[in-house]
Structures are given as C-alpha cells and as structure tokens.
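The opening position of the sequence shown corresponds to residue 5 in the working numbering, with each subsequent residue numbered one higher.
From the three backbone atoms N, C-alpha and C, an ideal C-beta is built for every residue, glycine too.
This structure is a prediction, so every number in the text was calculated from the model and none was measured.
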Amino acid sequence: MAFSKAEPDRMRGQASEGEACPLCGAVPPPGVESCRAMIYSVWEREYSGPEFAAVHLLTVDAYALQHGEYFGPRSNAFHLMRLCWLIELGGTERGGSSRLHRRKFEEAYRSFPNLAPPEDRGALTVAHVCGLEEPGEHARKVKEWASVVWEAWAEHRGWAREQAHRLFVA
Ligand SMILES: [Zn+2]
Numbered sequence: 005m006a007f008s009k010a011e012p013d014r015m016r017g018q019a020s021e022g023e024a025c026p027l028c029g030a031v032p033p034p035g036v037e038s039c040r041a042m043i044y045s046v047w048e049r050e051y052s053g054p055e056f057a058a059v060h061l062l063t064v065d066a067y068a069l070q071h072g073e074y075f076g077p078r079s080n081a082f083h084l085m086r087l088c089w090l091i092e093l094g095g096t097e098r099g100g101s102s103r104l105h106r107r108k109f110e111e112a113y114r115s116f117p118n119l120a121p122p123e124d125r126g127a128l129t130v131a132h133v134c135g136l137e138e139p140g141e142h143a144r145k146v147k148e149w150a151s152v153v154w155e156a157w158a159e160h161r162g163w164a165r166e167q168a169h170r171l172f173v174a
C-alpha cells in the first residue's frame with residue numbers, strides 16, 4: 005500500500021493544522037490553525053495595550069517581508085524601507101506619520117520596485133514571538149525576529165536605506 009505525499013503549495017499558503025507555513029516555515033503550536041492565526045494572536049496582544057504595542061510596526065514589517073505573496077507586489081519595498089527606519093534610524097511607532105511627509109511618500113510609493121524575496125527568509129519566524137505574556141520579553145524577541153529578517157534581505161538593504169533617508173530624514 006502506497007501513500008502519496010502532496011506537494012506543498014508555496015504560492016497560496018494553504019497549510020493545514022500543524023503543518024509548516026509554506027512561506028516562512030513556521031510550525032503552529034498544537035491548537036493553532038496556521039501561521040496566519042499566530043500573527044493575528046500576536047497583533048491582538050499588541051492592540052491590548054501600549055507596552056505590547058511599542059513594537060507593533062516591527063511585527064507588521066517582519067511578518068509582511070516573510071509573506072510578500074499575501075501583501076501585493078510593492079509591499080516588500082515598503083516594509084523593507086520602514087524596517088530600515090525602525091532598526092537603523094531610530095524610528096518609533098509614534099514618530100511615523102508626523103515625520104513622514106505624506107505627499108512625498110505617496111509619490112515615492114508609486115515608483116517603488118517589486119523586490120523579490122530572498123531565498124532564505126530568515127531563521128526566526130512569528131513562532132518566535134507567539135504567546136509571550138511578558139511585554140519586555142515580547143519586545144526583546146520581536147527585535148530579534150525583525151533583525152533576522154533585516155539580515156535576510158541583505159541584497160536590497162542599500163535601496164531601503166536610501167529611501168528611508170529620503171522619506172524620513174531629509
Ligand atoms: Zn508563515
């Protein structure tokens with residue numbers, strides 16, 4: 005008797021319970037349906053109060069950069085540029101909209117390239133930060149995850165730095 009093993013569907017992300025995410029490789033813990041369910045639970049916690057919310061943009065950018073297929077063709081460029089601002093330029097949750105000139109940003113966004121994701125999207129995933137109940141630990145592990153993603157995108161970091169300086173600093 006032979007069993008055939010289905011090929012993972014990398015583009016659609018149709019992982020069933022307990023299977024590794026076809027995009028980032030995260031394995032959901034027992035009782036959690038999918039990689040997406042993990043990030044939703046993380047975001048829910050971040051919406052629950054300011055201590056968890058402090059690193060919310062990092063989880064959005066790290067998750068989006070590991071799942072560009074879900075977020076549209078220019079999302080990689082946007083999230084990489086913002087991740088650069090958060091990690092290297094001292095950007096914060098609160099400083100975002102006031103320091104970013106909306107008009108300049110909208111113009112720039114239209115010319116953002118479609119950046120292809122790296123072969124290796126990083127060894128840490130949403131699984132690294134899922135279910136943490138202590139805000140300090142949550143923040144520390146989110147920063148570790150975000151740094152790993154930033155490293156994984158080495159090929160496009162030069163572009164991201166240039167844009168982040170132009171849009172947030174200049
Ligand atoms: Zn995933």
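Nonlocal neighbours in the same chain, by C-beta distance under 6 Å from residue i, ignoring five residues either side
| i | result |
| --- | --- |
| Ala150 | Leu62 and Ala66 |
| Glu55 | Pro139 |
| Ala30 | Cys39, Thr129, Val130 and Ala131 |
Residue i, buried or exposed, once every other Cβ within 10 Å from all chains shown has been counted against 16
| i | result |
| --- | --- |
| Trp164 | A small fix is needed here, since residue 164 is Ala in this sequence, not Trp. When all chains shown are included, Ala164 counts as buried. |
| Ser52 | exposed |
| Ser102 | Caution is warranted here: a pLDDT of 49 is assigned to Ser102, below 50, making its placement in the model unreliable, and the coordinate value is therefore given only provisionally. The residue in question, Ser102, is exposed, as its Cβ has fewer than 16 Cβ neighbours within 10 Å. |
| Gly72 | buried |
| Ala158 | exposed |
| Thr3 | With the chain represented from 5 up to 174, any question about residue 3 goes unanswered, as that position is not in the structure. |
Cβ shell of residue i (< 8 Å), same chain only, five flanking positions each side left out
| i | result |
| --- | --- |
| Ala127 | Val152 |
Sequence-distant residues of its chain with Cβ nearer than 7 Å to residue i (five each side left out)
| i | result |
| --- | --- |
| Asp124 | Ala156 |
| Leu84 | Leu69, Leu119, Trp157, His160 and Ala164 |
DSSP-derived helix/strand/coil call for residue i
| i | result |
| --- | --- |
| Pro139 | helix |
| Gly162 | helix |
| Phe116 | coil |
| Thr63 | helix |
heavy atom of ligand 1 below 7 Å from residue i C-beta
| i | result |
| --- | --- |
| Thr214 | Residue 214 is absent from the structure shown; the chain starts at 5 and stops at 174. |
| Leu27 | yes |
| Cys39 | yes |
| Ala81 | no |
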